[in-house]
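Novice:
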Amino acid sequence: VMKPQNEGPAAYVFPADEKNLQNQVALRDALWRQGVEIRALSADFKVGNRTLPEGSVVVRMDQPYSRMADMMLDKEYYNPDDPRSYDDTGWQLGPLFNVDVVRVTDSKILQVANADKVEMFTSTPDESKRIANGFGMILLGRKFSLTGKARLALVHTWTSTQEEGWARIALDELGVKYDYVSVHALRDTPDLKAKYDVILMPQTRGTAQSIVAGRPMAGDPIPWKKTDETPNLGAPDSTDDIRGGIELEGVLHLRDFVDQGGLLVCVGNMCRVPIDYGIVHGVSVREPDQINAPGGVFLTENAEKDSPVLSGYGDTLAVYFNANSLPILSMGRSGFRRFGGPEGRPSGRGDLTDADVVQGRAAYDPGKDDNPTPRNNNASLPSPKVLLRYAAEKDLLVSGMLKGGDELAGQAALVDCQVGKGHVLLFSFNPFWRGETVGSYALFFNAAANWNKLTEEKEGKSKGGDGAS
Numbered sequence: 336v337m338k339p340q341n342e343g344p345a346a347y348v349f350p351a352d353e354k355n356l357q358n359q360v361a362l363r364d365a366l367w368r369q370g371v372e373i374r375a376l377s378a379d380f381k382v383g384n385r386t387l388p389e390g391s392v393v394v395r396m397d398q399p400y401s402r403m404a405d406m407m408l409d410k411e412y413y414n415p416d417d418p419r420s421y422d423d424t425g426w427q428l429g430p431l432f433n434v435d436v437v438r439v440t441d442s443k444i445l446q447v448a449n450a451d452k453v454e455m456f457t458s459t460p461d462e463s464k465r466i467a468n469g470f471g472m473i474l475l476g477r478k479f480s481l482t483g484k485a486r487l488a489l490v491h492t493w494t495s496t497q498e499e500g501w502a503r504i505a506l507d508e509l510g511v512k513y514d515y516v517s518v519h520a521l522r523d524t525p526d527l528k529a530k531y532d533v534i535l536m537p538q539t540r541g542t543a544q545s546i547v548a549g550r551p552m553a554g555d556p557i558p559w560k561k562t563d564e565t566p567n568l569g570a571p572d573s574t575d576d577i578r579g580g581i582e583l584e585g586v587l588h589l590r591d592f593v594d595q596g597g598l599l600v601c602v603g604n605m606c607r608v609p610i611d612y613g614i615v616h617g618v619s620v621r622e623p624d625q626i627n628a629p630g631g632v633f634l635t636e637n638a639e640k641d642s643p644v645l646s647g648y649g650d651t652l653a654v655y656f657n658a659n660s661l662p663i664l665s666m667g668r669s670g671f672r673r674f675g676g677p678e679g680r681p682s683g684r685g686d687l688t689d690a691d692v693v694q695g696r697a698a699y700d701p702g703k704d705d706n707p708t709p710r711n712n713n714a715s716l717p718s719p720k721v722l723l724r725y726a727a728e729k730d731l732l733v734s735g736m737l738k739g740g741d742e743l744a745g746q747a748a749l750v751d752c753q754v755g756k757g758h759v760l761l762f763s764f765n766p767f768w769r770g771e772t773v774g775s776y777a778l779f780f781n782a783a784a785n786w787n788k789l790t791e792e793k794e795g796k797s798k799g800g801d802g803a804s
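Numbering-wise (the numbering used here), the sequence shown opens with residue 336 and increments by one.
(1) In three-state terms, what does DSSP make of residue 559?
(2) Between the C-alpha atoms of residue 545 and residue 592, what's the straight-line distance to the nearest angstrom?
(3) Determine the direct distance from the alpha carbon of residue 348 to that of residue 570, and round the result to whole angstroms.
(4) For residue 760, which option in 768, 733, 790, 771 has the closest C-alpha, if you only look at C-alpha atoms?
(5) How about residue 583 and residue 730: do their beta carbons lie closer than 7 Å?
(6) Tell me whether residue 371 sits in a helix, a strand or coil according to DSSP, three-state version.
(7) Excluding the 5 residues flanking residue 733 on each side, which residues of the same chain have their C-beta closer than 8 Å to its C-beta?
(8) From 645, 743, 745, 661, pick the residue whose C-alpha is nearest to that of residue 830; which is it?
(9) Residue 496: which of 598, 694, 518 sits nearest, CA to CA?
(10) Are the CB atoms of residue 353 and residue 435 within a distance shorter than 7 Å?
(11) Quick check on the DSSP output: the beta strand (DSSP E) that includes residue 521 runs from which residue to which?
(12) Quick one: measure Cβ to Cβ for residue 394 and residue 375, integer angstroms, because I've assumed they're closer than 8 Å.
(13) Along the alpha helix (DSSP H) that carries residue 767, what are the first and last residues, could you check?
(14) Ends of the beta strand (DSSP E) at residue 353?
(15) Does DSSP classify residue 619 as helix, strand or coil?
(16) Can the beta-carbon of residue 831 be found less than 7 Å from the beta-carbon of residue 338?
(17) Would you call the stretch 558–569 and the stretch 607–621 touching, i.e. three or more CB-CB distances under 8 Å?
(18) Looking only at its chain, what residues have a beta carbon closer than 7 Å to the beta carbon of residue 341, apart from the 5 residues adjacent to it on each side?
(19) So what's residue 754 in DSSP terms, helix, strand or just coil?
(20) In this structure, what does DSSP give as the bridge partners for residue 579?
(21) Just the C-alpha distance for residue 357 and residue 627, rounded to the nearest angstrom, thanks.
(22) At the level of alpha carbons, what is the spacing between residue 351 and residue 536?
(23) Among the residues of its own chain, which have a CB less than 8 Å from the CB of residue 615, if the five just before and after it don't count?
(24) Does the distance from the CB of residue 538 to the CB of residue 765 come in under 7 Å?
(25) Mind pulling the alpha helix (DSSP H) runs of 4 or more residues that sit fully within the stretch 372–437?
(26) Between residue 769 and residue 501, is the Cβ-Cβ spacing less than 7 Å?
(27) Using CA coordinates, which residue listed in 367, 750, 743 is at the minimum distance from residue 717?
(28) Look at the Cβ atom of residue 738, then the Cβ atom of residue 415, and state whether they are nearer than 7 Å.
(29) Going by other Cβ atoms of all chains shown within 10 Å of its Cβ, with 16 needed for buried, is residue 522 buried or exposed?
(30) Per DSSP, what kind of secondary structure is residue 666 in: helix, strand or coil?
(31) Note down the Cα distance separating residue 605 from residue 767, rounded to an integer number of angstroms.
(32) With distances taken from CA atoms, which of 514, 549, 555 is nearest residue 585?
(33) Would residue 413 be called buried (16 or more neighbouring beta carbons within 10 Å of its own) or exposed?
(34) CB residue 785 to CB residue 643, shorter than 7 Å?
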């Protein structure tokens, strides 16, 4: 309880004028459920040039569970020269919940942080008062739901369900209705569009080939179901044989699903499937070289404010990224380094740092298309649209560890690919991770609620969308 006077800080404050109130309430509830006491400012309090208004929520650091609050709210820094980290190196929940959290070192704030504890809604049988994990609350006591808006399928593999499970937990806690299906359903259902409007393929480990192939079709069938010998298996899904994966038939079914107007949402390594198997064009996976980013919080910038997917979001968003398990997306047909990067430049005169001067001519910009008209009579495919882009290297790291950040800086973080009448949404980062990424949830919910409104009209604007935030 002497933390404010010894190590500091004195408190963390959730401002009363928070624009994402539902996210703030979710974070407050997460703290409260861990035993953290929460109070409120009884008067305005000035921090630097900013005034925190009366009624702002305060987490005092002179309480028994101050260290728990500190771990969840403060910024983490992991030196790249330290021994290899076992797990994530950054998990600062304020940015990941997309809410404002003010770190206050002035212990005078404790004199005005004495208002009664803030009323908190916790998990009770009365579901109308349940906050759960957060973002589903448009208003307190009212859940977000896709009911009547989208027929949703959440796809799991039979090789790994741990990371996919975080997406399932988020949807379950928010009361979102969906069908939980395996990769075999993609393989065995020729007309996916007849059943679903949105297919979510959450993060999993492996290459595109291993995901499509699944478990080798060798030996005897491997069942996953309830029997007298295995009474605890077979839920929430069961099968007589877990071998095999999406397979080529499933890839074709996914292509037809999107072409007919469906929305396919791929997270992390699942992005490799539509990229490597040619469902989408103009985007590739860039294999990491020297980057060291083993799970942390990174800044992205809004690159397409008119997209319904970004409804309710501002100019920036902190996201969870792990270079050891998530892909780096590159716009173009290959994953080679971009011209002009630290290890590349257009071919020509001079050395690596020299600018080529074309003799006897005006300077030529190789990145500019001098002839914008098509070089042939073939109709061009719609270009992928970058919705979120990783920030410049100097601004990229929010919390955790980063080395070789130039490989990630400026790259696409969230890409919308129009395919036929439908769309494929590619997440380089993971919007569903350990209940920490509540601030990213609405990217998926916005997309799902607007699955049939993402195609641009002739004048170049997206159709009016419904915001989940």
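C-beta atoms are modelled at their ideal positions from N, C-alpha and C, and glycine is treated no differently.
A quick note: this is a predicted structure, and the numbers were derived from the prediction, not measured.
Specialist: By the coordinates alone:
(1) The sequence position of residue 559 within the sequence shown is 224, counting from 1. The answer is strand: DSSP assigns residue 559 an E or B state.
(2) Locating residue 545 in the sequence shown gives position 210, counting from the first residue. Locating residue 592 in the sequence shown gives position 257, counting from the first residue. C-alpha separation (whole angstroms): 22 Å.
(3) Working through the sequence shown from its first residue, we reach residue 570 at position 235. Working through the sequence shown from its first residue, we reach residue 348 at position 13. Going from the Cα of residue 570 to the Cα of residue 348 covers about 42 Å.
(4) To locate residue 760, count along the sequence shown from 1; it is residue 425. Closest option to residue 760, Cα to Cα, is 790.
(5) Counting from one through the sequence shown, the residue named residue 583 turns up at place 248. Counting from one through the sequence shown, the residue named residue 730 turns up at place 395. Result no, Cβ atoms of residue 583 and residue 730 do not sit closer than 7 Å.
(6) To locate residue 371, count along the sequence shown from 1; it is residue 36. Three-state DSSP puts residue 371 in coil, outside helix and strand.
(7) Taking the first residue of the sequence shown as 1, we reach residue 733 at position 398. Here the set comprises 410, 425, 427, 430, 631, 632, 633, 634, 653.
(8) The structure shown has nothing for residue 830, since the chain only spans 336 to 804.
(9) The sequence position of residue 496 within the sequence shown is 161, counting from 1. The residue with the shortest Cα to Cα distance from residue 496 is 518.
(10) For this step, residue 435 is matched to residue 100 along the sequence shown. For this step, residue 353 is matched to residue 18 along the sequence shown. Yes, they are a contact pair.
(11) As a working mapping, residue 521 is identified with position 186 in the sequence shown. Here residue 521 belongs to no beta strand (DSSP E); instead the alpha helix (DSSP H) covers 518–523.
(12) Within the sequence shown, numbered from 1, the residue matching residue 394 stands at position 59. Within the sequence shown, numbered from 1, the residue matching residue 375 stands at position 40. Going by Cβ atoms, the distance from residue 394 to residue 375 rounds to 11 Å, so no, they are not a contact pair.
(13) Along the sequence shown, read from residue 1 onward, the residue named residue 767 stands at position 432. Neither: residue 767 is in no alpha helix (DSSP H) and is coded neither H nor E.
(14) One-based indexing of the sequence shown puts residue 353 at position 18. Careful: residue 353 lies outside any beta strand (DSSP E) and carries neither H nor E.
(15) Working through the sequence shown from its first residue, we reach residue 619 at position 284. Strand.
(16) Only positions 336 to 804 of the chain appear in the structure, and residue 831 is not among them; the question remains open.
(17) No: fewer than three Cβ pairs fall under 8 Å.
(18) Along the sequence shown, one-based indexing puts residue 341 at 6. Counting only Cβ-Cβ distances below 7 Å, and skipping sequence neighbours, we find nothing.
(19) Within the sequence shown, residue 754 is the residue found at index 419, counting from 1. Strand, per DSSP.
(20) Residue 579 sits at position 244 when you count from the first residue of the sequence shown. Note: residue 579 sits in a beta bridge opposite 550.
(21) Locating residue 357 in the sequence shown gives position 22, where the first residue counts as 1. Locating residue 627 in the sequence shown gives position 292, where the first residue counts as 1. Near 34 Å, if we compare the C-alpha coordinates of residue 627 and residue 357.
(22) The residue given as residue 351 occupies position 16 in the sequence shown. The residue given as residue 536 occupies position 201 in the sequence shown. So the two alpha carbons sit approximately 37 Å from each other.
(23) Here the question's residue 615 lines up with position 280 in the sequence shown. The answer, listed in chain order, is 609, 719, 752, 754, 759, 761.
(24) Sequence index remark: in the sequence shown, residue 538 carries index 203 (1-based). Sequence index remark: in the sequence shown, residue 765 carries index 430 (1-based). Yes, they are a contact pair.
(25) 401–408, 428–431, all fully within the stretch 372–437.
(26) For the purposes of this step, residue 769 is identified with residue 434 of the sequence shown, where counting begins at 1. For the purposes of this step, residue 501 is identified with residue 166 of the sequence shown, where counting begins at 1. Yes, the Cβ-Cβ distance between residue 769 and residue 501 is below 7 Å.
(27) Stepping through the sequence shown from its first residue, residue 717 is reached at position 382. Among 367, 750, 743, the Cα nearest to that of residue 717 is on 750.
(28) As a position in the sequence shown, residue 738 is number 403, starting the count at 1. As a position in the sequence shown, residue 415 is number 80, starting the count at 1. Yes, they are a contact pair.
(29) Translated into the one-based positions of the sequence shown, residue 522 becomes position 187. Label assigned to residue 522: buried.
(30) Translated into positions along the sequence shown, residue 666 becomes position 331. It is a strand residue.
(31) For the purposes of this step, residue 605 is taken as the residue at position 270 of the sequence shown. For the purposes of this step, residue 767 is taken as the residue at position 432 of the sequence shown. If you take the alpha carbons of residue 605 and residue 767, they lie about 14 Å apart.
(32) Against the sequence shown, residue 585 aligns to sequence position 250. Of the listed residues, the one whose Cα sits closest to residue 585 is 549.
(33) Numbered from its first residue, the sequence shown carries residue 413 at position 78. Classification for residue 413: buried.
(34) In the sequence shown, counting from the first residue as 1, residue 785 sits at position 450. In the sequence shown, counting from the first residue as 1, residue 643 sits at position 308. Yes.
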